[in-house]
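Asker: The following block contains the structure, expressed as structure tokens.
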Amino acid sequence: MKKHNIFITILLAALAIACKDSQSEKEKYFSFNETNLKSKYTSNDKVSLELLNTNNKKIDSIVFFADGAKIYSVKEGNTSSFDLMGKKLGYHYLKALVYFENDTVSTSTRIEMVANSAPKLMKFTIINTYDHDVNAFTEGYEFYNDTLMESTGQNGKSYIAKVDYKTGKTIKKVDLDGQYFGEGITVLNDKIYQLTWQNTTGFIYDAKTMKKIKSFTYDKKIEGWGMTNDGKNIYHSDGTEKIWKMDPSNQKLVDFINVYTNDSKIKSVNELEWIEGKIFGNIWQKDAIAIINPTDGTVEAVLDLTSLRAKVTNPEAEVLNGIAYNKKTKTIFVTGKNWNKTFEIKVTE
34 MKKHNIFITI
44 LLAALAIACK
54 DSQSEKEKYF
64 SFNETNLKSK
74 YTSNDKVSLE
84 LLNTNNKKID
94 SIVFFADGAK
104 IYSVKEGNTS
114 SFDLMGKKLG
124 YHYLKALVYF
134 ENDTVSTSTR
144 IEMVANSAPK
154 LMKFTIINTY
164 DHDVNAFTEG
174 YEFYNDTLME
184 STGQNGKSYI
194 AKVDYKTGKT
204 IKKVDLDGQY
214 FGEGITVLND
224 KIYQLTWQNT
234 TGFIYDAKTM
244 KKIKSFTYDK
254 KIEGWGMTND
264 GKNIYHSDGT
274 EKIWKMDPSN
284 QKLVDFINVY
294 TNDSKIKSVN
304 ELEWIEGKIF
314 GNIWQKDAIA
324 IINPTDGTVE
334 AVLDLTSLRA
344 KVTNPEAEVL
354 NGIAYNKKTK
364 TIFVTGKNWN
374 KTFEIKVTE
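Position in the sequence shown counted from 1, then plus 33, gives you my numbering.
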């Protein structure tokens, strides 16, 4: 009986390998014509979908898919097209399901969609310079009424604080448990929302008292980086080119954009700030800010702040990270991790 079971196991394994080889051979019959595909597309383009039929098989029909959704079905021929108007920037995954000679096989490819135009270069003027706590490893920066709110990172040193921006002194501080590496914050409807880095955990506080209301768990396995809001929705970066839209009522991530220029995606989007309908985003390890269209992720402009870094005298200073918009003065406050200064600037084209 034991030998008989071993024989059956070997036979089934052999049949599985044979089927796999047969399927692999069939997959070679058809492929997308890559010579018709461009390296990068924009929303003004249509993608030419043409299949190569290397073994001249008789095709009954082809169903084309984009990102898992059916887009076209063709009964005759082996070509179609995919209109990119209104599609997200970033990668799109294309698949063709081919019905032929009483059989079926699929083939796939991907394309990359970038912004339609190059970002503009913005200029800035320094209005004021203030002291900043050199021990603050800044992760979040935002005004709540006339008070500057700041969150910091590093395990065992993370906190959120109300800060007197004119002196850089802390008014009130709430420490995080040592297991958490604090990240971005935003204030919406008198509540402070805070992310942590790799714990997939966030916190909500009463903005007036700074008393913790609850914690929440990210509904996707992503990191927490920057945060901002548009008065209704919260936006959450995760260290990639993605910015997620969060429903503040249940903390669910309901949508996302991919941040792109006309050339490539922008990785490591960090601290965020909503300013007059646009998302201003720090780029990790870059002393620059990307000005992002929140609808489609296009980087419409770039603000180069490398000259500010030269004015920071703390030798332990790290990257630029911290954007806070003062709606009353229409000026922007920027700082960095362990910077000894905060700069109030006004931005122009």
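Positions of the beta carbon are idealized from the N, C-alpha and C atoms, including for glycine.
Predicted, not measured: the structure shown is a model, and the values here were computed from it.
Tell me, to the nearest whole angstrom, how far the beta carbon of Thr185 is from that of Gly215; I am working on the premise that it is less than 8 Å.
Answerer: Rounded, the Cβ-Cβ distance is 6 Å, consistent with contact.
Asker: Just confirm the distance between the C-beta atoms of Glu67 and Thr142, as a whole number of angstroms; I'd bet it's less than 8 Å.
Answerer: Glu67 to Thr142, Cβ: 7 Å. Contact.
Asker: Beta strand (DSSP E) containing Ser340: first to last residue?
Answerer: From DSSP, Ser340 is part of no beta strand (DSSP E) but of the alpha helix (DSSP H) over 339 to 342.
Asker: State the start and end residues of the unbroken beta strand (DSSP E) segment that holds Thr219.
Answerer: Segment 215 to 221, the beta strand (DSSP E) holding Thr219.
Asker: In chain order, what are the residue ranges of uninterrupted beta strand (DSSP E) at least 3 long that sit wholly in the region 103 to 143?
Answerer: As far as the region 103 to 143 is concerned, its whole beta strand (DSSP E) runs of at least 3 residues are 112 to 116, 123 to 133.
Asker: Give the single residue among Asp179, Lys61, Val80 whose Cα lies nearest to the Cα of Leu70.
Answerer: The shortest C-alpha separation from Leu70 is found at Val80.
Asker: What residues in its chain sit with their C-beta under 8 Å from that of Lys361, if we drop five residues either side in the sequence?
Answerer: Correct list, in chain order: Asp179.
Asker: Taking the DSSP output, what are the residues bridged to Met182?
Answerer: For Met182, which the question treats as bridged, DSSP gives the partners Glu175, Lys195.
Asker: How many Å lie between Asn359 and Tyr198 at the Cα?
Answerer: Using only the alpha carbons, I get a separation of about 11 Å.
Asker: Return the chain-ordered list of same chain residues with a C-beta closer than 6 Å to the C-beta of Tyr124, the five sequence neighbours on each side being excluded.
Answerer: Counting only Cβ-Cβ distances below 6 Å, and skipping sequence neighbours, we find Arg143, Glu145.
Asker: Taking the straight line between their C-alpha atoms, what separation do you get for Asp93 and Val131?
Answerer: Taking the straight line from one Cα to the other gives about 8 Å.
Asker: Could you check what DSSP says for Glu333 in three-state terms: helix, strand or coil?
Answerer: Note: Glu333 maps to strand in three-state DSSP.
Asker: Mind checking who Gln227 pairs with in its DSSP beta bridge?
Answerer: Gln227 is bridged to Ile218, Phe236.
Asker: When the distance is taken between beta carbons, is Glu304 closer than 9 Å to Ile356?
Answerer: Their beta carbons are under 9 Å apart, which means Ile356 touches Glu304 by this criterion.
Asker: DSSP on Asn66, reduced to helix/strand/coil?
Answerer: Note: Asn66 maps to coil in three-state DSSP.
Asker: Round the Cβ separation of Ser408 and Val147 to the nearest angstrom and send it over; I've been treating them as touching at under 8 Å.
Answerer: Here the chain comprises residues numbered 34 to 382, so residue 408 is not present and cannot be evaluated.
Asker: Return the residue from the list Leu336, Thr273, Gly201, Gly119 that minimises the CA-CA distance to Lys300.
Answerer: Among Leu336, Thr273, Gly201, Gly119, the Cα nearest to that of Lys300 is on Thr273.
Asker: According to DSSP, is Phe170 part of a helix, a strand, or is it coil?
Answerer: It is coil, neither helix nor strand.
Asker: Span of the beta strand (DSSP E) holding Glu382?
Answerer: Segment: none, Glu382 is in no beta strand (DSSP E) and carries neither H nor E.
Asker: I'd like to know whether the C-beta of Thr140 is nearer than 9 Å to at least one C-beta of chain C.
Answerer: The structure shown contains no chain C, having only a single protein chain.
Asker: On the DSSP letters alone, give me the boundaries of the beta strand (DSSP E) that Val287 sits inside.
Answerer: Run containing Val287: 285 to 291, per the beta strand (DSSP E) assignment.
Asker: Asn371: buried (16+ other C-beta within 10 angstroms of its C-beta) or exposed?
Answerer: The residue is buried, with at least 16 neighbouring Cβ atoms inside 10 Å.
Asker: Would Thr219 be called buried (16 or more neighbouring beta carbons within 10 Å of its own) or exposed?
Answerer: Answer is buried; the Cβ neighbour count reaches 16.
Asker: Around the C-beta of Asp54, are 16 or more other C-beta atoms found within 10 angstroms, so that it is buried, or is it exposed?
Answerer: Note that Asp54 scores a pLDDT of 46, beneath 50, so its modelled location is shaky; the value from the coordinates is reported in the next line. With fewer than 16 other Cβ atoms within 10 Å, it is exposed.
Asker: I need the boundaries of the beta strand (DSSP E) containing Gly355, first residue and last residue.
Answerer: Unbroken beta strand (DSSP E) run through Gly355: 353 to 359.
Asker: Measure the Cβ-Cβ separation of Val287 and Gly314 and say whether it is below 9 Å.
Answerer: No. Outside cutoff.
Asker: What's the call for Gln227, buried or exposed, on a 16-neighbour Cβ count within 10 Å?
Answerer: Gln227 should be labelled buried.
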